[in-house]
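In terms of our numbering, the sequence shown opens at residue 456 and continues consecutively.
Think of the CB as a built atom: it goes at the ideal place given N, C-alpha and C, for glycine as much as any other residue.
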Amino acid sequence: MVITKAEVFRITRIINCPIGIRIHTDTGLFGDGEVALAYGRASNAAYGMLKDLVPLIVGMDPLDTEVIWNKIYNEIFWTQNGGPVVYGGISAIDMALWDIKGKAFKAPVYKLLGGKNNPRLRTYASQLQFYWGEWSEKGHSWAGMGTPEEFAENALRAVKEGYTALKFDLTQTDEKGVCMGFVRVGGLQSPEVLNRVESRMAAIREAVGPDIDILIENHGQTDTAAALQMAKRLEKYHPFAYEEPSYPSGEITGNIARQTGLPLAHGERLYNRWQFLPMLQSGALQLAQPDLGTCGGITEGKKICDLAQAYDCGVQLHICASNLSIAPALHLEAAIPNFTIHEHHVLFLQEDNKKLVRYDYQPVNGYYEVPDLPGLGNEWTDYAFSIAADYATLK
456 MVITKAEVFR
466 ITRIINCPIG
476 IRIHTDTGLF
486 GDGEVALAYG
496 RASNAAYGML
506 KDLVPLIVGM
516 DPLDTEVIWN
526 KIYNEIFWTQ
536 NGGPVVYGGI
546 SAIDMALWDI
556 KGKAFKAPVY
566 KLLGGKNNPR
576 LRTYASQLQF
586 YWGEWSEKGH
596 SWAGMGTPEE
606 FAENALRAVK
616 EGYTALKFDL
626 TQTDEKGVCM
636 GFVRVGGLQS
646 PEVLNRVESR
656 MAAIREAVGP
666 DIDILIENHG
676 QTDTAAALQM
686 AKRLEKYHPF
696 AYEEPSYPSG
706 EITGNIARQT
716 GLPLAHGERL
726 YNRWQFLPML
736 QSGALQLAQP
746 DLGTCGGITE
756 GKKICDLAQA
766 YDCGVQLHIC
776 ASNLSIAPAL
786 HLEAAIPNFT
796 IHEHHVLFLQ
806 EDNKKLVRYD
816 YQPVNGYYEV
826 PDLPGLGNEW
836 TDYAFSIAAD
846 YATLK
């Protein structure tokens, strides 16, 4: 079996900008993958990267995932200490190859990874600073929470669906619920900012009670001073994890870890095992968060998870692209022994995203079960290809 061609595309007509690939073989089997740069103004670069990488793999055996990964790594100048664009391209290709491999052996990918260590995956509702539900109900996208009462009500929406863990960014929306995007919250913060953060957290904790886990997400927008100020305000509410409180540096994050009792999570902006290593060596991480759409795919993601286990670090894969990205994460998380919890982003509730894939995988009562279909168990729909703003077939 050999790779004969690949279709790559970029979508711009929905909430975000998914970048996808479908790799074809001479047997008729195909596999689908995605670059997880559908947000943050990187989709054009990701689409171009895929077009640059595909010619390297045409004619190769798609079952040779390790061989192909290393060929790309060794032949592309930018892979050493590289960033999200080059590793995003590798990730999408690798994802699609594992899809083909599973189909070829008539087995779900988790079987090829060693089996199902985790039959059911506890899942948290993610990004509850935005309305938890279909945004068309609110009349606009990124419908944000503003007052502490709104944060509490939104938390209860997810709890009523069976979630026992919730994640919030307490700084991303203003008092009226308007999303401020990724705004730097650096330096020592005023009482006004800190009081707003704490009042939101207090309202959430009071609403959901002591038995619901709460994750706090800073999106890397705080520096050490602000992160520590916020941590000291939040500690009394017992957060499950404190995510991206700083730039992803072992030294910086380690400094925060030593000064707060909160478990720290990081990794969505680390792109291979070499970049994770100093973070793990620093003792800063309790929860590693590689994204299979930017860290080098399943092949590299598995190595990162194994490396994390050697440092007693749990794993929660970061997932925030289209709904296609759900299935690869489920397969790897099912297989690894150091799985902690699974992320279910509010974007995955949106109809625009659901229509891009064949199967709408959603958790039930706060838990996911892993697809048992051969391969990844999901694929792009004809609709996804039909609305692409950019499309190319590469041979």
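Inter-residue spacing [alpha-carbon to alpha-carbon] between residue i and residue j
i           : j           : result
residue 664 : residue 584 : 18 Å
residue 538 : residue 813 : 30 Å
residue 726 : residue 594 : 36 Å
residue 621 : residue 653 : 16 Å
residue 512 : residue 774 : 26 Å
residue 739 : residue 768 : 10 Å
residue 569 : residue 754 : 13 Å
residue 650 : residue 657 : 10 Å
residue 505 : residue 544 : 5 Å
residue 781 : residue 687 : 34 Å
residue 628 : residue 697 : 18 Å
residue 863 : residue 598 : The structure shown does not extend to residue 863, since the chain is modelled only from 456 to 850, so the question has no answer here.
residue 619 : residue 525 : 40 Å
residue 580 : residue 846 : 33 Å
residue 531 : residue 503 : 14 Å
residue 562 : residue 828 : 7 Å
residue 625 : residue 647 : 13 Å
residue 720 : residue 797 : 13 Å
residue 816 : residue 802 : 13 Å
Candidates the options, of which the one nearest residue i by Cα
i           : options            : result
residue 849 : 769, 639, 507      : 507
residue 673 : 683, 491, 468      : 683
residue 785 : 818, 801, 762      : 818
residue 515 : 544, 480, 805      : 480
residue 602 : 574, 591, 633      : 633
residue 806 : 777, 796, 832      : 777
residue 783 : 499, 548, 458      : 548
residue 470 : 689, 787, 811      : 811
residue 840 : 591, 461, 465      : 465
residue 790 : 694, 760, 779, 802 : 760
residue 685 : 662, 704, 716, 703 : 716
residue 713 : 692, 679, 475, 582 : 679
residue 736 : 708, 487, 616      : 708
residue 572 : 495, 825, 836      : 825
Residue(s) in a DSSP beta bridge with residue i
i           : result
residue 830 : 563
residue 720 : 698, 742
residue 475 : 464, 489
residue 585 : 599
residue 577 : 822
residue 750 : Answer is none; residue 750 lacks a bridge partner.
residue 483 : Per DSSP, none; premise fails for residue 483.
residue 769 : 742
residue 849 : 461
residue 637 : Bridge partners of residue 637: none, in fact.
Contact belief for residue i with residue j at Cβ below 8 Å, rounded distance in angstroms
i           : j           : result
residue 509 : residue 830 : So it is not a contact: roughly 19 Å between Cβ atoms.
residue 540 : residue 500 : 5 Å
residue 913 : residue 772 : The question about residue 913 has no answer here: the residues shown for the chain are numbered 456 through 850.
residue 576 : residue 794 : 7 Å
residue 623 : residue 667 : Actually they are not in contact, since the Cβ atoms of residue 623 and residue 667 sit about 12 Å apart, beyond 8 Å.
residue 694 : residue 669 : 5 Å
Cβ pair count under 8 Å reaching 3, the stretch 749 to 765 against the stretch 728 to 739: Contact check between the stretch 749 to 765 and the stretch 728 to 739: three or more CB pairs, one atom from each, fall below 8 Å, which counts as touching.
Contact the stretch 553 to 573 vs the stretch 518 to 537: 3+ CB pairs below 8 Å: In short, these stretches touch, since the Cβ pair count reaches three.
Contact between the stretch 478 to 493 and the stretch 819 to 828 (3+ Cβ pairs under 8 Å): No: fewer than three Cβ pairs fall under 8 Å.
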